[in-house]
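A.B. asks:
Chains as they are written, first to last, in the numbering used here: chain A, 1 to 437; chain B, 1001 to 1437.
1) Which two residues bound the contiguous beta strand (DSSP E) that contains residue 1297 of chain B?
2) Please return the same chain residues whose Cβ sits closer than 7 Å to the Cβ of residue 1140 of chain B, not counting the five positions on each side in sequence.
3) Using DSSP bridges, identify the partner residues of residue 91 of chain A.
4) For my contact list, residue 1135 of chain B and residue 1181 of chain B are in at a C-beta cut-off of 8 Å; report their separation, rounded to the angstrom.
5) Under 8 Å: do the stretch 1312 to 1320 of chain B and the stretch 1341 to 1349 of chain B share three or more Cβ pairs, one atom per stretch?
6) Between the stretch 114 to 126 of chain A and the stretch 208 to 228 of chain A, do three or more beta carbon pairs fall short of 8 Å?
7) Residues bridged to residue 942 of chain B by DSSP?
8) Give the range of the beta strand (DSSP E) segment to which residue 1051 of chain B is assigned.
9) Take the Cβ of residue 1146 of chain B as the centre, count every other Cβ of all protein chains shown within 10 Å, and call the residue buried at 16 or more, exposed below.
10) Since residue 129 of chain A meets chain B, which of its residues come closer than 9 Å, beta carbon to beta carbon?
11) Using only CA atoms, which one of A:377, A:274 and A:350 lies nearest to residue 67 of chain A?
12) Quick one: measure Cβ to Cβ for residue 293 of chain A and residue 32 of chain A, integer angstroms, because I've assumed they're closer than 8 Å.
13) Along chain B, in chain order, which residues have C-beta atoms closer than 8 Å to that of residue 161 of chain A?
14) Return the chain-ordered list of same chain residues with a C-beta closer than 6 Å to the C-beta of residue 416 of chain A, the five sequence neighbours on each side being excluded.
15) For the alpha helix (DSSP H) holding residue 400 of chain A, just list the boundary residues, first then last.
16) Between the alpha carbons of residue 1434 of chain B and residue 1405 of chain B, how many angstroms are there, rounded?
17) May I have the straight-line CA-CA distance separating residue 53 of chain A from residue 46 of chain A, to the nearest angstrom?
18) Tell whether a beta-carbon distance below 7 Å holds between residue 81 of chain A and residue 296 of chain A.
19) Kindly say whether residue 1395 of chain B, judged by its beta-carbon, lies nearer than 7 Å to any beta-carbon of chain A.
20) What are the complete beta strand (DSSP E) segments, minimum 3 residues, inside the stretch 174 to 242 of chain A?
21) Quick test of the definition: if touching needs 3 or more C-beta pairs under 8 Å, does the stretch 1386 to 1401 of chain B touch the stretch 1243 to 1262 of chain B?
22) For a contact meaning CB atoms closer than 8 Å, what does residue 1207 of chain B contact in chain A?
23) Going by DSSP, which residues form a beta bridge with residue 1284 of chain B?
24) Please name the residue or residues paired with residue 1250 of chain B in a DSSP beta bridge.
25) List the residues of chain B that residue 152 of chain A touches, going by C-beta distances under 8 Å, in chain order.
26) Would DSSP call residue 1276 of chain B helix, strand or coil?
27) Does residue 1216 of chain B come within less than 7 Å of chain A when only Cβ atoms are used?
28) When the Cα of residue 1271 of chain B is compared with those of B:1329, B:1298 and B:1290, which residue comes out closest?
29) Residues of chain B with a CB under 9 Å from the CB of residue 144 of chain A: which are they?
30) Would you kindly report the start and end of the unbroken beta strand (DSSP E) that includes residue 412 of chain A?
31) Kindly indicate the opening and closing residues of the beta strand (DSSP E) around residue 1159 of chain B.
32) What is the DSSP secondary structure of residue 1045 of chain B, reduced to helix, strand or coil?
33) Please check if any C-beta of chain B sits within less than 7 Å of the C-beta of residue 76 of chain A.
34) Taking only beta-carbon positions, decide if residue 73 of chain A is within less than 7 Å of chain B.
35) Tell me the residue span of the beta strand (DSSP E) that contains residue 63 of chain A.
36) For a contact meaning CB atoms closer than 9 Å, what does residue 17 of chain A contact in chain B?
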């Protein structure tokens, strides 16, 4: 494979140099953080009075963690390190959980962020001959403008189509020969279903690649999208607290997401003991932003669960790779005392050929017990009147799920297209259990 | 008044120099246009083989007009003058009338466009201390990204809030001390009504200015928004064929929109004879783009009706000012043989204090005759049970309209908030007459 690098020197930098660069940038980030009301108190409380108190990378551990809760408490300007008139943009996330988080950027911050996204896109083999349709919400959400800027930086023809309006999306793909799209995995599956439904032939579009992110998804979902649409799907990871997209991305090897360690320091910690874990072990991802001046955030507990690969990547990049996010510490469901991640259910369901492109997890209370109901759309090729086949499929899903999560779920089958589709991040869990029981 | 100029040398350039600059840029634009399939045929057909065939500004008249119809016929690449791989973005407009128009940009085009929008914004007195909430759709529509880019270029804090979600818009204004917004005039009126309805006090927001565009509106609507929200409203003019916003804009004198003549050549023509009209006379605006390489468009018939002011502007800018667009050649309604522009109806309705923030024009067929129904929301301070007062108001509207347009309309009064609100461009006319009678 012919790998291409946006910034070869940085991407293949020897680890030692990369870590020296991190220390240098971390010193600057600490100095910058000390200009914010929040970190002035938090860091001096931990005995850190200047960036010079950081001598080696292991001094990172002297810095206390920052949580989502801290960000909310610091609203609106507790994390702002520069005069307001130097700010050129803010992005705010309502998040998948809870109240908004606001991140401020100066002009240099936007430029650096754009560079990281361009690096991600270019690393998947895209170049200025590509036509890139950005099928995601523009505005306060970072996914739209973030990918837009990165795509233009690479020199692709960017179509700012935004989310939704599936029929118009096909038309744009056909009219302009779109080769790459960016979307949530659930929207990609929806697009495929709709194409079938409206009789749009695969040959009428030139699509070759998709960047999928903004919601966790399983390897089986990736494979399903790749097979159905006959494209390469690249996994994208980012979060608004760390600018948005451009934090970690798959290269053409598609085996883990390179965390851009010249821009972010990544750690995996045990979410209970808060102790750092060695590479290879799964825990909560903690990120320190090294590439943003206006809103410094140090050792941010992302609540995303992942681990670092320990082997080298065939692409030659030295930046460590994250395993796909399997869930968040706070989207874990406790069902009759058993811990279940929605991603475990997705993995089972999306691996089955007979299953369609959408599913929904519903939780209810039956007396004192929790009841897990998994609603699954059947594939377009399954006849809804073949009850023997349907019962067999239902039983197969139930058994495989039970083997995976130890809970015995109720499985419901639905016709293709019957379950609700969201245009932004998919809502896969409906927890109808009363809150205070 | 202290005027400020983004580019003083250009904005106050003596007319003679400005026209020499136009000739120079027009030569280049013609050369660029000759690289497109459409203009290669059209220009050589008119005897123009190179930019050198343009010697003076009056040679412009040798160039045939380009129409919306031509743009559609040239879809998708008939107007593209550069290799596809040099294109970094496209914007497409579904337009207020008819099928999509596509404009391609290279990186330099985006940069130049951004400069013109920044010039507009800065000329209204904004600077980097301002907080700018861009309450308009992002994506394929040029209004969102165009103002976003210009706002960042000026160094304002840009909040990419997008359109809709009125309650969230207030919250953002309150949280971040928004001083300037961009929106359609109808959305601004809707915001004001909603503020009253939800009890949001004017003192809780710091708003000082609004840029209003994307749909024509009357001077009375401007005054109404200014009085209700206690802000300055600046009139913005642009169209996707000429990049989008940034074509013409009001300065702090608010007496006409300076057309940026170093980027665009403006002419007013008689839409019937197609002969150019002298400054001061009203006709169809024809624009030639001098600031875009990827998609050259020469002598484009905008179908917008306007005229040039003949006096100098107090601000010292030498670029001629356009009168606010009073309508489009193609949105003229023919009612029982009489020509009526929706703007004439708006002017009457919005001038009345007793009238609320929304209205709708409905056309129906009664036998062989057209029937004009004007539905008007009453102000929040008018009691809907005071039938004597309501009847008097109805009669007043009816009479004033009849005096203005010679048609006797049926007037209907509705409660505040009862008529439909659109989040993008307002739909003010519902023509229910059968098409082929």
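The beta carbon of each residue, even a glycine, is placed where N, CA and C say it ideally should be.
C.D. replies: So, from the data block:
1) Residue 1297 of chain B -> no beta strand (DSSP E), and no H or E assigned at all.
2) 1091 and 1092
3) A:103
4) 5 Å
5) no
6) yes
7) Nothing about residue 942 of chain B can be reported from this structure: the residues present for chain B run from 1001 to 1437 only.
8) Neither: residue 1051 of chain B is in no beta strand (DSSP E) and is coded neither H nor E.
9) buried
10) The contacting residues are 1084 and 1085.
11) A:274
12) 6 Å
13) 1139 and 1140
14) 356, 377 and 380
15) Per DSSP, residue 400 of chain A belongs to the alpha helix (DSSP H) from 387 to 405.
16) Rounded to whole angstroms, residue 1434 of chain B to residue 1405 of chain B spans 23 Å at the Cα level.
17) Between residue 53 of chain A and residue 46 of chain A, the C-alpha separation is close to 11 Å.
18) Yes.
19) With 7 Å as the cut-off, residue 1395 of chain B does not count as an interface residue toward chain A.
20) 180 to 183, 209 to 212 and 232 to 239
21) Flag = no, the stretch 1386 to 1401 of chain B and the stretch 1243 to 1262 of chain B do not touch.
22) Near residue 1207 of chain B there are no residues of chain A at all, since even the closest Cβ is about 17 Å away, more than 8 Å.
23) B:1269 and B:1305
24) BP columns for residue 1250 of chain B point to B:1257.
25) 1088, 1089, 1107 and 1110
26) strand
27) no
28) B:1329
29) 1138, 1139 and 1160
30) 410 to 414
31) 1157 to 1159
32) In this structure, residue 1045 of chain B counts as helix in the three-state DSSP scheme.
33) yes
34) no
35) Element bounds for residue 63 of chain A: n/a, residue is neither H nor E.
36) Here the premise fails: no neighbours, minimum Cβ distance about 32 Å.
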